[in-house]
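Following: one structure in structure tokens, then a few remarks.
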Amino acid sequence: MKRVVGLLLPVLCLFGLVLPVSAHHSFAAEFDDKKPVKLEGAVVRFEFMNPHSWIFLDVMGPDGKAVRWAVETGSTNALFRRGWLKDSLRAGDHITVDAFRAKDGSNTANASTVKLPDGRQLSGASSRDGQ
Amino acid sequence: MTGNSMKLAMLLLVSISIAAQSEFTPPRLADGHPDFGGIWMAASLSAAFNVEEHGASYGTPAGPSVIVDPPGGKLPYLPGMRERAADNDQHRERDPVGQCHMHGVPRVMFPPFPLEIIQDGNFVLILAETEHGVRIIPTDGRPFLKDYSSWNGDSRGHWEGDTLVVEVRGLNGRGWLDQAGNFMGVGAHVVERFRLTGKDTLDYQATVENPKVFSQPFTLRVPLRRRPADVELLEYGCIEGERDAAHLPAVNGEKR
């Protein structure tokens, strides 16, 4: 499988199917790639905007209390090219986010992928990725 | 294969590749100059991450140096300047682009966003999706603006055969070269060279002279690749929702 992906990637790149990411700021300025986090929760608000779009979601803590997270994704142009629309997420949607935490320890993270309620897994157009 | 026959084979390959390059006849506009029109982007994002050779770090892939001169691929920093770049690398929150400033020349030519080139007989326009940067490059021989200073500076172009040569003055000296903190200072003078090497490949080279930061001029080279026909430039209103600053350690030395 690895081999197939290895062969496929350059081909996809050749046809422009693998899109470049929106690396507005360096990932390293704010986030820590040694601190991956998986967040599952309910969308509070989706701000489809530049230079980065933000997903606010409530993640249920072990004590049964909701913890509010702010998750950064790419710019609107980078997200649009990956299939995102401004109403791709609505308040109450249950989503799963694979992300990396902010260095400052706040409940802030940078999304690699977001799994939508309909099962689609979209790239977060993270400033971490390369082409 | 013996060493000699291997060398011969390599020589043959290189000759074929050079011949193929020189045989390419670019499409031309009515004025006879090559038509660079279209949407372009750096063939690799490597230079956007770091113009020098770099290993994989912070989740970005490893990549080769794009510095083709001096040989060795290292930026010819003056004593003490490489330490400043290394310090920038540890404080990427200082990156002007992270604060929605313009990329500046030459970095604006290889960001992780597409560019559109439009030209007529008097101007070459480079529209950068990032920060909506617009470079208006007159090719009609007019003089430079007097005492001008800005992120992308003041560009004047002329043709040398099928190569567009653009001289850039008036750079404000605040621009970085990449995300890794390599930087330029005041008084930088840049000469760019654009040449079509194939239907969908545009060779971009920039020679930077900046005696306050570098001991000698250096040249970087980044091939640009034409984007598929359905790619259009999109809006990128950078500052509409900036939320990072609150989580950045410091911006220009001051906590916001």
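Those protein sequence lines, which keep their order, are chains A and B. Take the position in the first sequence, starting the count at 1, then add 1072; the result is the number in my numbering. Take the position in the second sequence, starting the count at 1, then add 2; the result is the number in my numbering. All residues carry an ideal CB built from backbone N, CA and C; glycine is no exception.
Chain-ordered chain B contacts of residue i [CB-CB under 7 Å]
{"i": "S1160/A", "result": "Neighbours of S1160/A on chain B: none; closest Cβ ~16 Å, over 7 Å."}
{"i": "F1147/A", "result": "It is Ser, not Phe, that sits at residue 1147/A in the sequence shown. Chain B residues near S1147/A: Y238."}
{"i": "N1122/A", "result": "Y238, G239, C240, E242, G243"}
Straight-line Cα distance separating residue j from residue i
{"i": "R1153/A", "j": "S1147/A", "result": "10 Å"}
{"i": "P225/B", "j": "H134/B", "result": "22 Å"}
{"i": "I1167/A", "j": "R1140/A", "result": "14 Å"}
{"i": "V188/B", "j": "G172/B", "result": "9 Å"}
{"i": "V1115/A", "j": "M1132/A", "result": "12 Å"}
{"i": "H191/B", "j": "E211/B", "result": "5 Å"}
{"i": "L1161/A", "j": "L1194/A", "result": "12 Å"}
{"i": "T221/B", "j": "P1123/A", "result": "31 Å"}
{"i": "A1100/A", "j": "G34/B", "result": "47 Å"}
{"i": "I41/B", "j": "L129/B", "result": "9 Å"}
{"i": "G243/B", "j": "E1119/A", "result": "8 Å"}
{"i": "Y150/B", "j": "D156/B", "result": "7 Å"}
{"i": "V126/B", "j": "P78/B", "result": "31 Å"}
{"i": "I69/B", "j": "E54/B", "result": "7 Å"}
{"i": "K1175/A", "j": "R96/B", "result": "16 Å"}
{"i": "L80/B", "j": "D1135/A", "result": "57 Å"}
{"i": "I120/B", "j": "F38/B", "result": "7 Å"}
{"i": "V110/B", "j": "S152/B", "result": "13 Å"}
{"i": "A88/B", "j": "W161/B", "result": "38 Å"}
{"i": "K257/B", "j": "H93/B", "result": "Unreliable positioning characterises K257/B in this predicted model, as indicated by a pLDDT of 47, which lies under 50. A coordinate reading is not provided."}
{"i": "N124/B", "j": "D1104/A", "result": "48 Å"}
{"i": "K76/B", "j": "F216/B", "result": "11 Å"}
{"i": "I241/B", "j": "E25/B", "result": "46 Å"}
{"i": "L90/B", "j": "G177/B", "result": "Sequence inspection shows Asn at residue 90/B; the Leu mentioned does not correspond to that position. C-alpha separation (whole angstroms): 12 Å."}
{"i": "P219/B", "j": "Y238/B", "result": "33 Å"}
{"i": "P29/B", "j": "N154/B", "result": "28 Å"}
Cross-chain neighbours of residue i in chain A, by beta carbon under 7 Å
{"i": "L204/B", "result": "Those within 7 Å of L204/B in chain A number zero; the least Cβ separation is about 15 Å."}
{"i": "G187/B", "result": "Correct list: empty, because the minimum Cβ distance to chain A is about 20 Å."}
Chain-order list of residues whose beta-carbon lies under 7 Å from that of residue i (same chain, five-residue window excluded)
{"i": "A1142/A", "result": "W1126, F1128, N1179, T1180"}
{"i": "K214/B", "result": "G187, V188, G189"}
{"i": "K1107/A", "result": "F1172, R1173"}
{"i": "T62/B", "result": "F51"}
{"i": "G1078/A", "result": "Low local confidence applies: a pLDDT of 40 at G1078/A is under 50, so the model's placement there is unreliable, with the coordinate-based value given in what follows. Answer for G1078/A: no residue qualifies."}
{"i": "L47/B", "result": "P114"}
CB contact below 9 Å: residue i versus chain A
{"i": "T199/B", "result": "no"}
{"i": "E55/B", "result": "no"}
{"i": "S118/B", "result": "Just to set this straight, residue 118/B is Glu in the shown sequence, not Ser. Chain A contact via Cβ: absent."}
{"i": "S59/B", "result": "yes"}
{"i": "F115/B", "result": "yes"}
{"i": "T62/B", "result": "yes"}
{"i": "N154/B", "result": "no"}
CB contact below 9 Å: residue i versus chain B
{"i": "F1152/A", "result": "yes"}
{"i": "W1156/A", "result": "no"}
{"i": "S1195/A", "result": "no"}
{"i": "W1126/A", "result": "yes"}
{"i": "V1186/A", "result": "no"}
{"i": "V1093/A", "result": "Here the model assigns V1093/A a pLDDT of 43, short of 50, so the residue's position is not dependable, and the following value carries that caveat. Taking Cβ atoms only, chain B reaches closer than 9 Å to V1093/A, which makes this a yes."}
Cross-strand partners of residue i (DSSP beta bridge)
{"i": "G43/B", "result": "Reading off the sequence, residue 43/B comes out as Met, not Gly. M43/B is bridged to R227/B."}
{"i": "Q101/B", "result": "Answer is none; Q101/B lacks a bridge partner."}
{"i": "G135/B", "result": "A130/B"}
{"i": "Q218/B", "result": "Per DSSP, none; premise fails for Q218/B."}
{"i": "M332/B", "result": "This structure gives no information on residue 332/B, because the portion of chain B shown stretches from 3 to 258."}
{"i": "A1114/A", "result": "D1130/A, H1166/A"}
{"i": "N1182/A", "result": "E1144/A, F1172/A"}
Cutoff 6 Å; reference residue i; Cβ partners in own chain excluding five residues on either side
{"i": "S1094/A", "result": "Confidence in S1094/A is poor, its pLDDT being 43 and thus under 50, which makes the residue's placement unreliable; the coordinate value appears in the next sentence. For S1094/A, where only same-chain residues beyond five positions count, the Cβ hits under 6 Å are G1146, S1147, A1150, A1197."}
{"i": "D1165/A", "result": "V1115, P1189"}
{"i": "F112/B", "result": "A44, A49, A50, V224"}
{"i": "G194/B", "result": "Reading the sequence as shown, one finds Glu at residue 194/B and not Gly. Answer for E194/B: V168, A208, listed in chain order."}
{"i": "L166/B", "result": "G159, F196"}
{"i": "L147/B", "result": "D156"}
{"i": "E1112/A", "result": "T1168"}
Within chain A, the residues that residue i reaches when beta carbons sit closer than 8 Å
{"i": "E131/B", "result": "N1149"}
Sequence-distant residues of its chain with Cβ nearer than 8 Å to residue i (five each side left out)
{"i": "E234/B", "result": "I41"}
{"i": "M104/B", "result": "P98, V110, E133, G135, S152, W153, N154, G177"}
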